[in-house]
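Student:
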Amino acid sequence: MKKDVVLSLCGKQYYPGQDPDVIELVTDGTLEERDGGWDICYEETELTGLAGVTTTFRLEPGLVILERTGRLQSKMIFQQGVPHESLYQMEFGALMLTVCAQMIEATIGQQGGVVDLQYSIAIENSDAGQVEYHLEVRPK
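The numbers in numbering that gives the first Met the number 0 rise by one with no breaks, and the one at position 83 of the sequence shown is 82.
Following this line, the structure appears as structure tokens:
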């Protein structure tokens, strides 16, 4: 059963020799237990630059899948220490991404919880830095 929740998301992207890009977002979303895992879903906004996109974090034991649909199509798979390639399809073209999680910590239950994710990202085989997500989920 889907449950309405409030999501607090902090995303940081670190580039060599630069200050990190930081996005903080508090928004409404849904939490659903399904097929042995959890789906956390929300609509992106102009603040993130992804208006018209739905983002879903799929949590399974030892695995996080970050999927975006709408104006942007992508599905990134995170397993600690395992690189995964994915196509990041935008309105004007597509990029090949490679992500590799250094840390995945998730404690999610019926009342919400926390997801922490740290990963490296390469775009078209060029290092694009490190990314951190901290997501808090609480009942609405």
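Don't be surprised by glycine CBs; every beta carbon is placed ideally from N, CA and C. Keep in mind the model is a prediction, meaning the values are calculated, not measured.
Whole angstroms are fine: how far does the CA of V4 sit from the CA of K139?
Tutor: In the sequence shown, residue 139 corresponds to position 140, counting from 1. In the sequence shown, residue 4 corresponds to position 5, counting from 1. Between K139 and V4, the C-alpha separation is close to 5 Å.
Student: Can you name the residues that DSSP bridges to R33?
Tutor: Locating residue 33 in the sequence shown gives position 34, counting from the first residue. Partner(s): G36.
Student: In the DSSP assignment, find the beta strand (DSSP E) that holds V52 and state where it starts and stops.
Tutor: Taking the first residue of the sequence shown as 1, we reach residue 52 at position 53. Unbroken beta strand (DSSP E) run through V52: V52 to E59.
Student: Can you list, in chain order, the residues of its chain whose CB lies under 7 Å from that of I103, leaving out five sequence neighbours each side?
Tutor: Along the sequence shown, one-based indexing puts residue 103 at 104. Same-chain partners within the cutoff: V63, F77, Q79 and L116.
Student: Report the option in K1, V21, A93 and G16 whose CA atom is closest to the CA atom of C9.
Tutor: Within the sequence shown, numbered from 1, the residue matching residue 9 stands at position 10. Nearest C-alpha to C9: V21.
Student: Could you give the first and the last residue of the continuous beta strand (DSSP E) run that contains D115?
Tutor: Stepping through the sequence shown from its first residue, residue 115 is reached at position 116. Per DSSP, D115 belongs to the beta strand (DSSP E) from G111 to I122.
Student: For the beta strand (DSSP E) containing R67, name the first residue and the last one.
Tutor: Within the sequence shown, the letter at position 68 stands for residue 67. First-last of the beta strand (DSSP E) with R67: L62 to G69.
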